[in-house]
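Engineer: Have a look at this one before I ask anything.
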Amino acid sequence: SVVYNEDCVEGLKRFSDNHFDLAIVDPPYGLGKKLKPRGGMIGKSFEGMGADSWDAEPPTKEYWEQLFRVSKNQIIWGGNYMTEYLKPSPCWLIWDKMQDHSTGHAELAWTTVDQPVRTFRYARAQLASEGKEHPTQKPQRLMEWCLSFLPAAQTILDPFMGSGTTGVACTKLGRKFIGIEIEPKYFDIACRRIEEAWRQPRLFDEPTTPPTQGALDL
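Residue numbers for the sequence shown follow the working numbering, beginning at 371 and rising by one.
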């Protein structure tokens, strides 16, 4: 694994066309200013996490141009909020959170996978067992499920790495991972989690190299 602490648009520019077999992306959805308190705790909780800043706007057009240039396939969580940049797809992935008292009962991912719609049922509350360290952290099992749809994809990109769950899943499954995260706090968390995953028993026999940090530390 190699991880970079920098802006993802600038980071993507260093890679050649089709460098990655697959990009698994969980970008800001642009909901921060929309989910205000409405008499309950859900909106208050989300607003209290500072979502009006880190989730204020979805990615720019330049980001999408770079993402599609460097990756052959994509799985994009929150794609239903960004359809202006996405072509029609037969396969949307659904994460059913198995709870009604949430900002969303489920999340959707747009994909380039050639399959029908698929659903992953995993209670959001189960994230506590993984040690949730980011406001929108996805379950490790969910990321492993995403990777299962493209078993031949060996080089994986996550340009909004967050707390590094995609990197952890890739480490466990023996995939090569490149991650980019602009926020130093979450970059440090991701580095720790990926390194811990590398030190634990893995689900494959091939040797692997320890994770490294990119040269840039912006």
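The beta-carbon is built from N, C-alpha and C at its ideal position, and this holds for glycine as well. These figures come from a predicted structure and were not determined experimentally.
1) The ligand SAM and R439: does the residue's C-beta get closer than 7 Å to at least one heavy atom of that ligand?
2) Need the endpoints of the beta strand (DSSP E) that S533 sits in, please.
3) Is the beta carbon of A493 closer than 8 Å to that of M589?
4) Which residue's Cα is closest to the Cα of L456: I548, C561, P529 and W480?
5) Are the CB atoms of S371 and C540 nearer to each other than 8 Å?
6) Please report how far the alpha carbon of F557 lies from the alpha carbon of Q485, in whole angstroms.
7) Count Cβ pairs between the stretch 550 to 567 and the stretch 522 to 531 that sit closer than 8 Å; are there 3 or more?
8) Going by the CB atoms, is the gap between F490 and I526 shorter than 8 Å?
9) Should I559 and V373 be called a contact, given that it needs their Cβ atoms to be closer than 8 Å?
10) Taking its Cβ as the centre, do 16 or more other Cβ atoms sit within 10 Å of A522, making it buried, or is it exposed?
11) If you run the structure through DSSP and keep just helix, strand and coil, what is A493?
12) Do S459 and T430 have their C-beta atoms closer together than 8 Å?
13) Please report the distance separating the alpha-carbon of M452 from that of L520.
14) For D377, which residues from the same chain have a beta carbon less than 6 Å from its beta carbon, with the 5 sequence-adjacent residues on both sides left out?
15) How would you call S499, buried or exposed, if buried means at least 16 neighbouring beta carbons within 10 angstroms?
16) Hey, quick one: how far does the beta strand (DSSP E) through Q444 stretch, first residue to last?
Structural biologist: This is what the structure holds:
1) Annotation note on the ligand SAM: not contained in the displayed structure, which lists no ligands.
2) Counting along the chain, S533 falls outside any beta strand (DSSP E), and DSSP gives it neither H nor E.
3) With the chain covering 371 to 588 only, the question about residue 589 has no answer from this structure.
4) W480
5) yes
6) 33 Å
7) yes
8) no
9) no
10) exposed
11) coil
12) no
13) 23 Å
14) I552
15) exposed
16) S441 to W447
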